[in-house]
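Enquirer:
Residue numbers (my numbering), protein chains in the order written: chain A, 1 to 402; chain B, 1 to 303; chain C, 1 to 587.
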């Protein structure tokens, strides 16, 4: 304002110098106060208040806002309102929790995350050991570069040998076979539950319910055959001579010890409901429905994937490279009732029961075994079986709704 | 016919065009830094853990150099004072000059007239004000350069210790906020430096060297660099084509011959004062942003 | 005394010298690097029309793919792959909005008309004006160049959502971001210029309530541009940092791409980008519509020969609309899991913001009542604007309510909605403006016959293209599908409309030919038009010749005595009374 009077401006000059002094003092104050522990909120509030005071001094005295015109005040008022909207409503809109699909998945993730924190500083096969293991067992977690969650994910993928409960996978020798057999029957005790009809769910898609002309689609969670026998039970060896030895999937399939793996989607259901394969065995995923499906696999150790299968895509081939402790779920995001399981095992000694409830694990070397029968809802049961060369040992399982 | 209200204020709004223009620009800058501050708030509240600026990296903090940044804060505040003193020198000088002129106009007393003209003539006042202005503006530019040097030292220290923006979101927002702020300071240095530029003949030579020698040389170097790095030939040659185009259009000649710098103090002093006031407003805003950046990045506790 | 005179003389000498300097401007200074708002307005106009044409071509190519998926293009012989479709889609949106409609509405019409309509000799900051244009030009050039780099232009939608935009291969997205920074800078400089011009350079007697509605629209638009664009500039810088410096502003922890985890620090939020983007992009849509409403207002008043009904309500609605546009943005984000409280807040503000739009539309419609309507080409386009914008606005309501938005979000319903507002809405208004102000700018008028052909063809074409989109959207066809929805099991029965819409698009293209021919041929051979061919009341027609004086527009600055739409004033000889006409009997 070239129209100002000398005296006004000269007086202002004195004010500028006082303001400079005040700003210098306030700067020192804000640095000093930051050394005092006022808690997180306290520290932030105090720092912002001091900054606001300093800013006001600059705005009022240096930028002449103490005697500016109304039009400028109006403009600034509008700006301040927009600034506050940007900061506070945007903040409010993000105060939300991203819910997982269901509580069960959330709990699984939480468990795995907590577990991974304790594994982060274990010496890796490829990592140099510097001899300092002070913090290894202290239970205290120090953040590596980046956030802990990032470390969890990096760890999970870059160190796939690490499984959930820390079991070792050191191989100790080549494949061995024998002539023994473990077989048995799996039955259901108690009243057989009636499986839910899926007619209502499937009604949204003619490509689904159109396949059911004579039968009614029902949930395949528990499939009970005649004489209360249970289908879809996975029986496998968990301890015994072959455990820890290296088996090759291609050899097993060509020798006929393991069936070729085919997972089909027909009538908007996975067929079979549970598929057992070996590590490195190629799975052929088919889409016999001729409508849009997608295969969303959620393994623990292997990479999760989600592949679309539009009607043009009749088949996809996939191979899981790592062993999975438990069968993991696969689902279809387009048809929410579709759910199946896949088990990836390092050896060919497993068997899935058919509706007749029978399982048979062949080509076993003689010895003592622990076998495990797994069902997605009815639980896990184990048994110890000893078998001699060339003989068949029997072990039956009975599941009930608990 | 000229564009009205470039110098004198419009009666109903009370401001001249440039002042309203610069405040509008500052309003948009508030929203720009506002967007970045809201980013800071959102990232920080959503983060699992946030670093504390003043604690060293070994102890789990961000390892920022608080003493250097405090020094920088003093430097920037001082530069704010010097720029307003620069404006005040011009405003006071102009007002004094007008007072003398009015005195000479209005005074009936011959004795007073002689005394006044002997003591101080308007030309001398104008020249003295210019010198004082150049001193303060020069100090402003100098202090800004000190600030930038300190910043460069800070950045270099981080890079040489393996700390980059991608290391952690704290550093990402730190580098972005301070980097954008530093770009604004560089812009201010260019504008304030321009207002310092003196005598026309030296000016012409100075700008002629820049535009006819240094810029073409830089463009040729850039072109060679791009070609060496296997960039497409069109892309590499385009800055040179653009420069030739500007040369032919006479724009370069216009800049070289008619850059007033502080020349305007001789020809349109009131308009020049307005320009300095607007430059000062911009500079104070830059200072204001730093006043908030400094505690938020360097002093706030972590979590 | 001497000193006072000296400085005056000196200043006069400066001015004299200044004026002389103008007379020997070189070719480049006069036509390319001019600081005169009229030249700059024309530059903006031609550049934006070229970009609009380019965006239109992209759309026609996309419509080929939608009508005949995976079929090779005629003549060119290559089919459009889904990557290329996505690129065309992203660039079509970007080019139409940021390089086409806004520069035409604000840069061209704003720059040319605002000073002469308020009686100003030029814009407040002429050199800044020139800079704005060239920065826009460079930004547009960068966007165009991105088509020629390896891996092509941006392909993550005009909305550039991370993480997809962050990880997109090639440098197309980087070019998009840098181009946006240039365009935003140009907008900021231009809008500050317009605001200062309108507030400071009004002719004597032209107080705020005597301003033509077009000026009010431009004023509110410029405030929106000034305050809403910078957060997007900030977001653009952050995305550039993410892409080039590896930061994680928008990259969440644990991000896995194609089965591989991404090596980043993590901790970022994709939602942050959406907030920053839509904080601009919602006011941006009001930037698209307000200048159009301004133009329609001028033309309706002029061609009904009566004042606009409800001038005050129009002005207050425009201001209220501008303010509300800052607090509705998250209605674009209903499906991001914000939570019911915040969704309810934005739903409420969105419903409230429909009120001023309806007020403006209603005021325009009531303005027609009892008017002596002249059905010239600008009026035809302006009239068509009303129902078309009405359809666009009404179809926005189910999108603004968060529950009904759930099935409609990201479907063709949305595309139909916004295209109705922008295409037969804003673009019709811009056509109207071109036909209306062409005589002012060139001194000749465009041919009415060709204009009417252009109008009727465009009107039918627009509706053929965009009405079936509502049908498709309600059936659930998603947007941004390169095959038009063939992959999915649902909605197969509405996909037949794809071909209909494509034929509509190509038909629309054919009906633009009369316009292009008309435009260029009228510049040289059009019928000569008097200074105030439309017998309008506003200053650009009454105080300046056609075209306005090359230097400083007016022979002398006019003085204003009355409001902008004093048509059919009782007791006057003519049915229009110019704003600047002094009457001897003024009380």
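The beta carbon of each residue, even a glycine, is placed where N, CA and C say it ideally should be.
All of these numbers come straight from a predicted model, not from anything done at the bench.
What residue from C:198, C:510, C:466, C:403 has the CA that sits closest to residue 220 (chain C)'s CA?
Expert: Ranking the options by Cα distance to residue 220 (chain C), first place goes to C:198.
Enquirer: For the beta strand (DSSP E) holding residue 393 (chain A), just list the boundary residues, first then last.
Expert: Element bounds for residue 393 (chain A): 392-394.
Enquirer: Let me see if you follow: with CB-CB separation under 8 Å, is residue 652 (chain C) close to chain B or not?
Expert: No answer is possible for residue 652 (chain C): the residues shown for chain C start at 1 and end at 587.
Enquirer: Less than 8 Å between the CB atoms is what I'm expecting for residue 88 (chain C) and residue 62 (chain C), so what's the real figure, rounded?
Expert: Contact flag correct, Cβ pair sits at about 5 Å.
Enquirer: Report all residues from its chain with a CB closer than 6 Å to the CB of residue 331 (chain C); omit the five preceding and five following residues, and keep chain order.
Expert: Hits under 6 Å: 346, 350, 400.
Enquirer: Could you check which residue in B:143, B:47, B:82, B:186 has the C-alpha nearest to that of residue 14 (chain A)?
Expert: It is B:82 whose Cα lies nearest to the Cα of residue 14 (chain A).
Enquirer: Report, in whole angstroms, the separation of the C-beta atoms of residue 494 (chain C) and residue 475 (chain C), which I expect to be a contact under 8 Å.
Expert: Residue 494 (chain C) to residue 475 (chain C), Cβ: 4 Å. Contact.
Enquirer: Does the separation of the CB atoms of residue 378 (chain C) and residue 450 (chain C) fall below 8 Å?
Expert: No, they are not a contact pair.
Enquirer: Please confirm if residue 292 (chain A) has its CB atom under 8 Å from at least one CB of chain B.
Expert: No - not a single Cβ of chain B is within 8 Å of the one on residue 292 (chain A).
Enquirer: Let's test the definition: count the other Cβ atoms within 10 Å of the Cβ of residue 303 (chain B) and tell me whether it reaches 16, buried, or not, exposed.
Expert: Looking at its Cβ environment, which holds fewer than 16 other Cβ atoms inside 10 Å, residue 303 (chain B) is exposed.
Enquirer: Could you tell me if residue 236 (chain A) is buried or exposed, where buried requires 16 or more neighbouring beta carbons within 10 angstroms of its beta carbon?
Expert: Buried.
Enquirer: On the three-pair Cβ rule with 8 Å, is the segment 69-83 of chain A touching the segment 28-35 of chain B?
Expert: Touching, per the Cβ criterion.
Enquirer: Pick helix, strand or coil for residue 183 (chain A), following the three-state DSSP scheme.
Expert: Strand, per DSSP.
Enquirer: Return the first residue and the last residue of the beta strand (DSSP E) that residue 372 (chain A) is part of.
Expert: Unbroken beta strand (DSSP E) run through residue 372 (chain A): 367-375.
Enquirer: Please decide whether residue 284 (chain B) counts as near chain A, where near means a Cβ-Cβ distance under 8 Å.
Expert: It does; some Cβ of chain A falls within 8 Å.
Enquirer: Can residue 149 (chain C) and residue 175 (chain C) be called in contact, C-beta distance under 8 Å?
Expert: Yes. Within cutoff.
Enquirer: Compute the beta-carbon to beta-carbon distance between residue 536 (chain C) and residue 554 (chain C), rounded to the nearest angstrom, for a pair I have assumed lies under 8 Å.
Expert: Wrong, their Cβ atoms sit about 16 Å apart, outside the cutoff.
Enquirer: In chain order, what residues of the segment 315-328 of chain C put their CB closer than 7 Å to some CB of chain A?
Expert: If the cut-off is 7 Å between Cβ atoms, the segment 315-328 of chain C has 326, 327 near chain A.
Enquirer: Can you give me the C-alpha to C-alpha distance between residue 145 (chain B) and residue 84 (chain A), rounded to a whole angstrom?
Expert: Computed Cα separation, rounded: 33 Å.
Enquirer: Kindly say whether residue 16 (chain A), judged by its beta-carbon, lies nearer than 8 Å to any beta-carbon of chain B.
Expert: True, the Cβ-Cβ gap to chain B drops below 8 Å.
Enquirer: Against residue 122 (chain C), what residues of chain B qualify as contacts under a CB-to-CB distance less than 9 Å, listed in chain order?
Expert: The answer, in chain order, is 3.
Enquirer: Mind listing the chain A neighbours of residue 231 (chain C)? Cutoff is C-beta to C-beta under 7 Å, in chain order.
Expert: Correct list: 86.
Enquirer: Using the Cα positions of residue 398 (chain A) and residue 186 (chain A), report the straight-line distance between them to the nearest angstrom.
Expert: So the two alpha carbons sit approximately 6 Å from each other.
Enquirer: Under 8 Å between beta-carbons, which chain C residues line up against residue 168 (chain B)? List them in chain order, please.
Expert: By Cβ distance, chain C contributes 265, 267.
Enquirer: Can you name the residues of chain B whose CB is closer than 8 Å to the CB of residue 160 (chain C)?
Expert: Going along chain B, no residue has its Cβ under 8 Å from residue 160 (chain C), so there is no contact; the nearest lies around 15 Å.
Enquirer: Pick out whichever of B:19, B:125, B:205 has its Cα sitting closest to the Cα of residue 99 (chain B).
Expert: The candidate whose alpha carbon is nearest that of residue 99 (chain B) is B:125.
Enquirer: Determine whether the Cβ of residue 293 (chain C) lies closer than 8 Å to any Cβ atom of chain B.
Expert: By this cut-off, residue 293 (chain C) is not an interface position.
Enquirer: Three Cβ pairs or more, each shorter than 8 Å: is that satisfied between the segment 332-347 of chain A and the segment 267-280 of chain A?
Expert: Yes, the segment 332-347 of chain A touches the segment 267-280 of chain A.
Enquirer: Return the residue from the list B:62, B:93, B:47 that minimises the CA-CA distance to residue 265 (chain B).
Expert: The shortest C-alpha separation from residue 265 (chain B) is found at B:93.
Enquirer: Less than 8 Å between CB atoms is the rule here; does residue 20 (chain B) satisfy it with respect to chain C?
Expert: Interface residue, yes.
Enquirer: Using a C-beta to C-beta distance shorter than 7 Å, which residues of chain C count as neighbours of residue 404 (chain A)?
Expert: Here chain A comprises residues numbered 1 to 402, so residue 404 (chain A) is not present and cannot be evaluated.
Enquirer: Counting contacts by CB-CB distance shorter than 8 Å, is residue 38 (chain B) in contact with chain A?
Expert: Closer than 8 Å: yes.
Enquirer: For residue 53 (chain B) and residue 67 (chain B), I'd like the C-alpha separation in whole angstroms.
Expert: Spanning the two alpha carbons is a distance of roughly 12 Å.
Enquirer: When the Cα of residue 280 (chain C) is compared with those of C:233, C:239, C:250, which residue comes out closest?
Expert: The option with the nearest alpha carbon to residue 280 (chain C) is C:233.
Enquirer: Which residues in the same chain as residue 147 (chain C) place their Cβ atom closer than 7 Å to its Cβ, once the five residues preceding and following it in sequence are excluded?
Expert: Answer for residue 147 (chain C): 153, listed in chain order.
Enquirer: Thinking C-alpha only, which one of A:360, A:401, A:306, A:64 is nearest residue 376 (chain A)?
Expert: When each option's Cα is compared against that of residue 376 (chain A), the closest is A:401.
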